[in-house]
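>
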Amino acid sequence: MQAPDITAGRSGLAALSDALGHFRGAHSHLNQSLKDFNDQLGQSTRNAYNILNNEELKAHQRLQDKIKNEQNERALKLQEEGFKYQQMQDKIKNAQNERRINIEAQNIKGMNALRGWQGKQFQANALAQQVQNFNLGGLMQQSDDAQTMMGGNAIRAQSGLLPSSKAKKPPLALPMTRQ
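At position 70 of the sequence shown (counting the first as 1) the number is 70 in UniProt numbering, and the numbers step up by one without a gap.
See below:
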């Protein structure tokens, strides 16, 4: 038997082998292209998510800043109101202290005036008693009894209304000297 002619089949196999090689290359190239496309698509998705996240973060940060600003403004207003309230309280306390000081000063002035009048009253009472004693002593001096007269003299002397006999005595005359 004659060997079959396989030359025609070899070239077909070679062509099939070349076609399969090209198919593998195309498959590999398609695989690489799809992988690159997948990577680019993933990167684009990540970028889109990052942009969205950044926008959300910025919006959230703006919201937080707005809330903080409102809280700071409210705290500042409350602090100003507290300061105004404290000033009003200080004015009220100062007015009350001033009134209290004025009342105390008037009380002290009144007490001093009262003490002055009491002192004058005491002096007037003492003077009235001295006059009464002086008059009593004068009545006693008009008595016929010597002891009563001496008692009257003593009472009049103690009354303090008679001029003091110890005040100024007339000078003694100088004794004569021999020359």
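Ideal placement from N, C-alpha and C gives every residue a C-beta, glycine not left out. Every value quoted in this text rests on a predicted model; they were computed, and no experiment measured them.
Using a Cβ distance threshold of 8 Å, determine whether the stretch 89–104 contacts the stretch 115–133, with at least three qualifying pairs required.
No, because fewer than three Cβ pairs between the stretch 89–104 and the stretch 115–133 fall closer than 8 Å, the two stretches do not touch.
> With respect to the alpha helix (DSSP H) encompassing G151, which residues constitute its N-terminal and C-terminal limits?
As a working mapping, residue 151 is identified with position 151 in the sequence shown. Start and end: 146–158.
> Less than 7 Å between the beta carbons of Q141 and M149, yes or no?
By one-based count along the sequence shown, residue 141 stands at place 141. By one-based count along the sequence shown, residue 149 stands at place 149. Yes, they are a contact pair.
> Cβ of Q130 within 7 Å of Cβ of G160?
Against the sequence shown, residue 130 aligns to sequence position 130. Against the sequence shown, residue 160 aligns to sequence position 160. Cβ distance < 7 Å, so Q130 and G160 count as in contact.
> Could you tell me the distance, in whole angstroms, from the CA atom of A59 to the CA atom of K91?
Taking the sequence shown and counting its residues from 1, the one referred to as residue 59 is at position 59. Taking the sequence shown and counting its residues from 1, the one referred to as residue 91 is at position 91. Cα to Cα, A59 sits roughly 47 Å from K91.
> Taking DSSP as the reference, what is the three-state secondary structure of S11?
As a first step, residue 11 must be located in the sequence shown, where it is residue number 11. Of the three classes helix, strand and coil, the one that applies to S11 here is helix, per DSSP.
> From G110 to N125, what does the alpha carbon distance come to, in whole angstroms?
The residue you call residue 110 lines up with position 110 of the sequence shown. The residue you call residue 125 lines up with position 125 of the sequence shown. When rounded, the distance between both Cα atoms is 22 Å.
> Quick one: grab the DSSP three-state call for Q121.
As a first step, residue 121 must be located in the sequence shown, where it is residue number 121. In the structure shown, Q121 sits in a helix (DSSP, three-state: H, G or I).
> Consult DSSP for L161 and reduce its assignment to one of helix, strand or coil.
Residue 161 sits at position 161 when you count from the first residue of the sequence shown. DSSP places L161 in coil when its eight states are reduced to three.
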